[in-house]
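In the UniProt record's numbering, the protein residues as written are 1 to 137.
Glycine included, each C-beta is placed from N, C-alpha and C at the ideal position.
The model shown is predicted, which means the values in this text are computed figures rather than measured ones.
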């Protein structure tokens, strides 16, 4: 919070300095530049400390992450090109109501077979630079 508070104060100083300047002769330039560079330094150091003390060494519980993805209603969007909006909406609503995975509902309703659902809902195919691209016929 301290980094944010200092940066917000510096931002206000920069705004007032820019407002108080006349034409191209802005006598406030020194304070504007000083506060800008101070903010960059404070935020850089704050992020380094956050990385060193809070982020490094964290490991993900892959099983729990996978469970959360498969129980998320949001993954239904990956099925839009395959079963359409209306069926996706129906499946999502039923999954939410029954607190069950979307994949189970889609198979149960007969929209797709289990293998196709499993293929379309693989997280690796839905995100990041390795997202699976649909082949154009």
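If I'm right that residue 73 touches residue 96 with Cβ under 8 Å, what's the distance once you round it to whole angstroms? By one-based count along the chain shown, residue 73 stands at place 73. By one-based count along the chain shown, residue 96 stands at place 96. Rounded to the nearest angstrom, the Cβ distance from residue 73 to residue 96 is 6 Å, consistent with a contact under 8 Å.
Any idea which residues DSSP pairs residue 25 with across the strands? Locating residue 25 in the chain shown gives position 25, where the first residue counts as 1. Residue 25 is bridged by DSSP to 22.
Assuming residue 93 and residue 111 are in contact, meaning their beta carbons sit under 8 Å apart, how far apart are those beta carbons, in whole angstroms? As a first step, residue 93 is located in the chain shown; it is residue number 93 there, counting from the start. As a first step, residue 111 is located in the chain shown; it is residue number 111 there, counting from the start. Rounded to the nearest angstrom, the Cβ distance from residue 93 to residue 111 is 13 Å, too far for a contact under 8 Å.
Whole-angstrom distance between residue 35 and residue 11, CA atom to CA atom: For the purposes of this step, residue 11 is taken as residue 11 along the chain shown, with counting starting at 1. For the purposes of this step, residue 35 is taken as residue 35 along the chain shown, with counting starting at 1. C-alpha separation (whole angstroms): 8 Å.
Residues near residue 21 in its chain [Cβ-Cβ closer than 6 Å; skip 5 each side]: If you number the chain shown from 1, residue 21 lands on position 21. Cβ within range, chain order: 28.
Are residue 46 and residue 3 close, meaning C-beta to C-beta below 8 Å? Translated into the one-based positions of the chain shown, residue 46 becomes position 46. Translated into the one-based positions of the chain shown, residue 3 becomes position 3. Contact: yes.
Straight-line CA distance for residue 32 to residue 43? Taking the first residue of the chain shown as position 1, residue 32 is located at position 32. Taking the first residue of the chain shown as position 1, residue 43 is located at position 43. Cα-Cα distance, rounded: 17 Å.
Residue interval of the alpha helix (DSSP H) (run including residue 96): Taking the chain shown and counting its residues from 1, the one referred to as residue 96 is at position 96. Per DSSP, residue 96 belongs to the alpha helix (DSSP H) from 85-98.
For residue 88, count neighbouring Cβ atoms within 10 angstroms of its own Cβ and tell me buried if that reaches 16, exposed if not. What you label residue 88 is simply residue 88 of the chain shown in a count that begins at 1. Residue environment analysis places residue 88 among the buried positions, since at least 16 neighbouring C-beta atoms fall within 10 angstroms of its C-beta.
Threshold first: 4 residues or longer. Then list the alpha helix (DSSP H) segments lying entirely within the stretch 22-61, N to C. Qualifying alpha helix (DSSP H) stretches, in chain order: 29-50.
Simplified DSSP state of residue 110, which is helix, strand or coil: As a position in the chain shown, residue 110 is number 110, starting the count at 1. Here residue 110 sits in coil by DSSP.
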